[in-house]
Amino acid sequence: MSVKIHKLAVVKKGAELDEDVEIGPFSYIGSEVRIGKGTVVKQGAVIDGRTIIGENCTIYSATIGVPPQDLKYKGEPSEVIIGNRTVIREYVTIHRGTEGGGMVTKVGNDCLIMAYSHVAHDCRLGNHVILANVATLAGHVEVDDYAIIGGMTGIHQFVRIGKHVMVGGASAVGRDVPPFTVAIGNRAKLEGINIIGLKRRGFSRETIRALTTAFEMLFKTDEPLKVSMEKVRDEFGNIPEIEEMLRFIEESKRGICTA
158 MSVKIHKLAV VKKGAELDED VEIGPFSYIG SEVRIGKGTV VKQGAVIDGR TIIGENCTIY
218 SATIGVPPQD LKYKGEPSEV IIGNRTVIRE YVTIHRGTEG GGMVTKVGND CLIMAYSHVA
278 HDCRLGNHVI LANVATLAGH VEVDDYAIIG GMTGIHQFVR IGKHVMVGGA SAVGRDVPPF
338 TVAIGNRAKL EGINIIGLKR RGFSRETIRA LTTAFEMLFK TDEPLKVSME KVRDEFGNIP
398 EIEEMLRFIE ESKRGICTA
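Sequential numbering of the sequence shown, starting at 158, is according to this note's numbering.
This is the structure we're talking about:
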């Protein structure tokens with residue numbers, strides 16, 4: 158059980174490679190990089206800076222850990238952290254964090270980042286997140302667990318995408334998207350509850366029905382949102398998923414996508 162480094166790869170002194178790591182030809186691994194057990198780096202990848210890769214990941218010809226495209230960045234020793242079993246496909250770019258965003262860009266476990274996607278500085282992705290081809294996240298974007306971002310979609314900086322959200326392809330998202338919903342369009346609007354996604358992930362019919370009713374009460378009314386939220390909380394406040402949606406809305410700083 159040993160590390161396998163192709164003779165045409167460059168691994169700088171100081172890099173830490175755990176057992177069973179494989180580094181393909183024409184790849185570059187910087188001196189501060191740490192790669193976990195069983196991870197495979199395919200040909201042509203560039204992994205630099207203070208980057209930590211978890212176990213059993215597969216990385217194609219991506220560029221990870223390079224300085225951010227942020228004019229405020231002054232070389233501070235920020236990081237990229239990637240979890241376990243994540244797959245990063247061809248020509249993905251993941252940039253290190255900045256002092257203004259907590260110094261770290263983070264991707265969770267079991268994620269799939271498809272070809273040509275971009276994860277900018279200080280983004281934070283949860284677990285089981287999927288970015289389809291050419292999905293683009295600006296700086297400081299947060300994407301929670303099980304969210305799916307469709308291909309050729311752009312997410313504005315500081316936007317939050319909630320759990321189990323589906324953002325349709327070719328969208329432009331300028332405001333926060335509450336958990337369990339579907340959003341699509343330029344600018345993106347809420348279409349309803351992500352019923353198909355929730356069924357696939359084992360949510361009960363009762364929970365999905367309650368979320369659907371709550372969505373109608375919140376976003377398909379002429380009442381002020383605060384009034385609608387109080388009504389939803391009175392009727393469904395004992396359901397954790399609905400309380401999570403309400404809390405997400407209350408904490409929003411950019412505002413919520415309209416329906």
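Cβ coordinates follow ideal geometry from the N, Cα and C atoms, glycine included.
Because the structure is a prediction, the values reported are computed rather than measured.
For residue i and residue j, I'd like the C-alpha separation in whole angstroms.
i, j, result
"residue 425", "residue 407", "Since the displayed the chain opens at 158 and closes at 416, residue 425 lies outside it and no answer follows."
"residue 386", "residue 401", "12 Å"
"residue 420", "residue 232", "What the structure shows of the chain is the stretch from 158 to 416, and residue 420 is not part of that stretch, so it cannot be assessed."
"residue 193", "residue 305", "26 Å"
"residue 210", "residue 236", "11 Å"
"residue 206", "residue 170", "13 Å"
"residue 165", "residue 246", "21 Å"
"residue 177", "residue 197", "8 Å"
"residue 278", "residue 357", "32 Å"
"residue 273", "residue 321", "23 Å"
"residue 214", "residue 265", "11 Å"
"residue 188", "residue 367", "52 Å"
"residue 425", "residue 271", "Shown here, the chain extends from 158 to 416; a query on residue 425 therefore has no answer."
"residue 319", "residue 342", "17 Å"
"residue 175", "residue 301", "28 Å"
"residue 346", "residue 179", "43 Å"
"residue 263", "residue 289", "18 Å"
Hey, could you find the ends of the beta strand (DSSP E) residue i is sitting in?
i, result
"residue 342", "338-342"
"residue 345", "345-350"
"residue 263", "261-264"
"residue 223", "220-223"
"residue 251", "250-252"
In this structure, how does DSSP classify residue i when only helix, strand and coil are distinguished?
i, result
"residue 174", "strand"
"residue 309", "coil"
"residue 243", "coil"
"residue 208", "strand"
"residue 281", "strand"
"residue 374", "helix"
"residue 227", "coil"
"residue 320", "coil"
"residue 179", "strand"
"residue 203", "strand"
"residue 389", "helix"
"residue 215", "strand"
"residue 255", "coil"
"residue 293", "strand"
"residue 367", "helix"
"residue 194", "coil"
"residue 269", "strand"
"residue 384", "helix"
"residue 407", "helix"
Comparing alpha-carbon positions, which option in the options lies nearest residue i?
i, options, result
"residue 383", "404, 189, 206", "404"
"residue 181", "173, 345, 168, 191", "168"
"residue 249", "216, 260, 262", "216"
"residue 219", "179, 369, 199, 287", "199"
"residue 335", "326, 399, 353", "399"
"residue 315", "346, 179, 325, 330", "330"
"residue 259", "234, 270, 269, 251", "234"
"residue 229", "222, 244, 254", "254"
"residue 256", "303, 244, 224, 287", "224"
"residue 390", "370, 409, 379", "370"
"residue 184", "388, 340, 201", "201"
"residue 354", "325, 397, 190", "325"
"residue 221", "252, 195, 333, 212", "252"
"residue 317", "360, 409, 393, 339", "409"
Go to residue i, then tell me how far its alpha helix (DSSP H) extends in each direction, as first and last residue.
i, result
"residue 396", "Where residue 396 is concerned, there is no enclosing alpha helix (DSSP H), given that its DSSP letter is neither H nor E."
Check whether the segment 291-307 touches the segment 240-248, taking contact to mean three or more Cβ pairs, one atom from each stretch, closer than 8 Å.
no
Is there contact between the segment 279-294 and the segment 304-321, where contact requires at least three CB pairs shorter than 8 Å?
Under the Cβ criterion (8 Å, minimum of three pairs), the segment 279-294 counts as touching the segment 304-321.
At least three beta-carbon pairs within less than 8 Å, the segment 268-284 to the segment 367-374
no
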